[in-house]
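Heads up: the sequence shown begins at 828 in my numbering, then just goes up one per residue. All residues carry an ideal CB built from backbone N, CA and C; glycine is no exception.
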Amino acid sequence: MRILPFGNANDSLQLQQSVLRRILREVWESETREPEKEKIEKGQGMGWKTVIKPEDSIFSELVRTLAGWKCVRCGRQHEIKQNTLDCSHYFGRNHKSVRFDLDNADALCRYPCHQGSDSTNPERFGWEYQKGIGGFKNWSADGEYTLYKKKQLGEQRFSALIIRSEGICKMTSFDIKELRKSLREMLQKAKGGIL
Ligand SMILES: [Zn+2]
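So this is what it looks like as structure tokens:
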């Protein structure tokens, strides 16, 4: 099961909406908007930082719940809701079209399995750095993470993920609200073991 990209800002249905309907929606949104709770996540020594939005936190909990709070790489069991287990994105969160795509996310121990930076020891070297030998620019061979994704998803589904990762995704505040609702519902199902 995966979530389809919510890139429907430009779909024909929305284009057909009247100005009046849009105004009504804006009024409705301004009355029902959730307070934003954001935090900044910094990659250890990776020179990036990402704004983590409420929908990211729900998605992360969903991915880790579906994995039974176990790392998919080493199998280590983590305590529920502990941040020792990460929600890793194969294509980083800046690829917005797959930011909430379950095929793109895996539960990994923060250290070493996800962000471990010891390149001299393959077991201590995180999958964040093991997508391709030579990195995306000088890719000479698949790295451990890519080999895992191909096995996990199969070549066809993996190729489909690559294509989706290149999609453009623009979300209106209405889309975000719907996304949060749908993720919360999925999380409840996952917690109840029915997803
Ligand atoms: Zn692990």
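Q1015 - DSSP class collapsed to helix/strand/coil
helix
What are the residues that DSSP puts in a beta bridge with H916?
A932
Which residues does DSSP pair with S792 in a beta bridge?
The structure shown does not extend to residue 792, since the chain is modelled only from 828 through 1022, so no value can be given for it.
Cβ of C940 within 6 Å of any heavy atom in ligand 1?
yes
K1008, DSSP secondary structure in three states:
helix
Flag this pair as yes or no: are the beta carbons of S915 and L935 separated by less than 7 Å?
yes
Using a threshold of 6 Å, is the CB atom of C901 nearer than that to any non-hydrogen atom of ligand 2?
Ligand 2 is absent from the structure shown, which contains only ligand 1.
From the DSSP secondary-structure annotation, give me the bridge partner or partners of Q904.
K897
Could you give the DSSP three-state label for I1021: helix, strand or coil?
When DSSP states are grouped into helix, strand and coil, I1021 belongs to the coil group.
Is C914 near ligand 1, in the sense that its beta carbon is under 6 Å from a heavy atom of that ligand?
no
Would you kindly report the start and end of the unbroken alpha helix (DSSP H) that includes I990?
E971 to S992
Are there three or more Cβ pairs, one per stretch, closer than 8 Å when the stretch 921-931 is compared with the stretch 990-999?
The stretch 921-931, when compared against the stretch 990-999, does touch it at the 8 Å Cβ threshold.
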